[in-house]
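S.K.: Encoded as structure tokens, here's the structure I'll be asking about.
In our numbering, the protein residues as written are 2 to 199.
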């Protein structure tokens, strides 16, 4: 990699971190490109040159954020720990992520923007779904998930869940506790009460 490319990537990394922090803390509408530029120690022109617009920057931030979260969950899913501990860590991680992000930013992830929508749908189908099925298979092997419930039924259940969590109104500040409870209901509803092995 030549010096120009390395400097470009370093700038983009700083822009991403600054935008994620500011969008996450204050929401998208309340943050100006000039504020992101100042925090990233670049000029506003640099941001426009790389991303075209604030919407273009937001898309890239969302794409990278989703990929990074996916990598975190993938590492957790492949960790050599028991199924119940893994589920608790996933739910705790979701709670911590939700607590630290402005609802307007989270809402942007499920926006009607066709590029974001397609990216999220593709990521769900190609990355998230296989990860969830992998953890469900671990739950079956360890005896925590009822073997009478087929993968088809679980996929149908996940599809219903996906429809609900993609409603933008769910990400309003007053619905934050519902988001967290839905995560718990999703996993504990499959497992059943009391973490008893089947």
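Beta carbons: idealized from backbone N, C-alpha and C, even for Gly.
None of the values given here were measured: they were computed from a predicted structure.
Just the C-alpha distance for residue 13 and residue 104, rounded to the nearest angstrom, thanks.
M.R.: So the two alpha carbons sit approximately 24 Å from each other.
S.K.: Using a 10 Å radius around the Cβ and a threshold of 16 neighbouring Cβ atoms, would you call residue 184 buried or exposed?
M.R.: Classification of residue 184: buried, given that the 10 Å Cβ count is 16 or more.
S.K.: On a CA-only basis, which of 118, 49, 34, 85 is nearest residue 137? Give me that one, please.
M.R.: The option with the nearest alpha carbon to residue 137 is 85.
S.K.: Span of the alpha helix (DSSP H) holding residue 1?
M.R.: Because the chain is modelled from 2 through 199, residue 1 falls outside the range shown and cannot be assessed.
S.K.: For my contact list, residue 34 and residue 48 are in at a C-beta cut-off of 8 Å; report their separation, rounded to the angstrom.
M.R.: Contact flag correct, Cβ pair sits at about 6 Å.
S.K.: Taking only beta-carbon atoms, is residue 135 less than 8 Å away from chain D?
M.R.: As a matter of chain content, chain D is missing from the structure shown, which is built from one protein chain.
S.K.: Take the Cβ of residue 102 as the centre, count every other Cβ of all protein chains shown within 10 Å, and call the residue buried at 16 or more, exposed below.
M.R.: By the 10 Å Cβ count, residue 102 comes out buried.
S.K.: For residue 106, which option in 61, 44, 179 has the closest C-alpha, if you only look at C-alpha atoms?
M.R.: The residue with the shortest Cα to Cα distance from residue 106 is 61.
S.K.: What is the DSSP secondary structure of residue 196, counted as helix, strand or coil?
M.R.: Here residue 196 scores only 48 on pLDDT, less than 50, and its place in the model is too uncertain to base an answer on.
S.K.: Which term fits residue 37, buried or exposed, when burial requires 16 or more other beta carbons within 10 angstroms of its beta carbon?
M.R.: When all chains shown are included, residue 37 counts as buried.
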